[in-house]
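Working notes for the structure below.
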Amino acid sequence: QQPVQSPQAVILREGEDAVINCSSSKALYSVHWYRQKHGEAPVFLMILLKGGEQKGHEKISASFNEKKQQSSLYLTASQLSYSGTYFCGTGSNSGYALNFGKGTSLLVTP
Amino acid sequence: NAGVTQTPKFQVLKTGQSMTLQCAQDMNHEYMSWYRQDPGMGLRLIHYSVGAGITDQGEVPNGYNVSRSTTEDFPLRLLSAAPSQTSVYFCASSRSGTGNNSPLHFGNGTRLTVT
Chain U
33 QQPVQSPQAV ILREGEDAVI NCSSSKALYS VHWYRQKHGE APVFLMILLK
83 GGEQKGHEKI SASFNEKKQQ SSLYLTASQL SYSGTYFCGT GSNSGYALNF
133 GKGTSLLVTP
Chain L
0 NAGVTQTPKF QVLKTGQSMT LQCAQDMNHE YMSWYRQDPG MGLRLIHYSV
50 GAGITDQGEV PNGYNVSRST TEDFPLRLLS AAPSQTSVYF CASSRSGTGN
100 NSPLHFGNGT RLTVT
């Protein structure tokens, strides 16, 4: 079952912050975040595991709320290179593949 | 270091034709999967494999067949192509299951058009 991402799209000016949310109706064991540029393959950003800490990657970080069954991706001081579509993927303890959300399109303008 | 290699990059088929999308990885990953990506739908899981000889269905398996005879290769077969199968197909591999700290490595995709 696909997790639900919000918002569907967001436009930022360079330097602004954004939050992308991912929620699931099923209990989560792991949440993966990927970014995809137009015409390219998705690229891994980070993984959050149940019971794990908030992860960070440059100016991009994420949190994982097990009780609410949701994760949030935080992009701070956005750069033009952050433009793309962001996907969350959810996995179970015994899972072998991810269920991805429909994606959030992010456009950073000068 | 090739990673995950998909061939072909582009393919046009006529309705009813069959074909095989190739996927190979050189990272000795046990887990491999196929996704299709359609506008506004995200990535949807077609089939996956947890090792040679073991495959299972994902969310949208109808019209597709897979086999895993070696660790390296995981081909996806379209039995009788339909226009609804027009999509971009991604193959992915990972070292271990999604419950572990193991990311998916994606191939560059195959863009398929069925007329």
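Each protein sequence line maps, in turn, to chains U and L.
The working numbering applies: residue 33 is where the first sequence begins, and numbers increase by one.
The working numbering applies: residue 0 is where the second sequence begins, and numbers increase by one.
Yeah, the Cβ is synthetic: ideal placement off N, Cα and C, and Gly gets one too.
Item	Value
Rounded distance between the beta-carbons of L:G41 and U:F132, thought under 8 Å	5 Å
Stretch-stretch touch, CB-based, cutoff 8 Å, three pairs: the stretch 63-76 of chain U with the stretch 98-110 of chain L	yes
Beta-carbon proximity of U:T136 to U:A41, cut-off 8 Å	yes
Chain U contact for L:S32 (CB, 8 Å cutoff)	yes
Beta-bridge pairing of U:N137 - partner residues as DSSP gives them	The question names Asn, but residue 137 of chain U is Ser in the sequence shown. Looking at the DSSP assignment, U:S137 forms a beta bridge with U:A41, U:T117.
Listed by chain order, chain U residues near L:P102 by CB distance under 8 Å	H64, F76, I79
Outcome for U:I43 when other beta-carbon atoms lying within 10 angstroms are tallied against a minimum of 16	exposed
Cut-off 8 Å between Cβ atoms - residues of its own chain near U:Q34, not counting five sequence neighbours on either side	N131, F132, G133, K134
CB contact below 8 Å: U:K134 versus chain L	yes
Residue of L:Q5, L:T6, L:Y47 minimising C-alpha distance to L:S66	L:Y47
As assigned by DSSP and simplified to three states, the class of L:Q84	helix
Three-state secondary structure (DSSP) of L:L75	strand
Same chain only: Cβ atoms within 7 Å of U:P39, ignoring 5 sequence neighbours per side	T136
Near-chain U residues of the stretch 63-81 of chain L - C-beta to any C-beta below 9 Å	none
Chain U residues whose Cβ lies nearer than 8 Å to that of L:I9	Per the sequence shown, the amino acid found at residue 9 of chain L is Phe instead of Ile. Within chain U, no residue comes near L:F9; the closest Cβ sits about 12 Å away, beyond 8 Å.
Beta carbon proximity, U:L105 to chain L, threshold 8 Å	no
Residues within the stretch 13-31 of chain L neighbouring chain U, beta-carbon criterion of under 8 Å	Y30
First through last residue of the beta strand (DSSP E) which encompasses L:S68	Counting along the chain, L:S68 falls outside any beta strand (DSSP E), and DSSP gives it neither H nor E.
U:S104 versus L:Y30: straight-line alpha-carbon distance, rounded	26 Å
L:V113 to U:G83 span [Cα, whole Å]	45 Å
Chain U contacts made by the stretch 40-54 of chain L, where a contact means CB separation under 7 Å	M40, G41, L42, L44, Y47, V49
Interface residues of chain L facing U:Y128 [CB-CB closer than 7 Å]	Y30, Y47, V49, G96, T97
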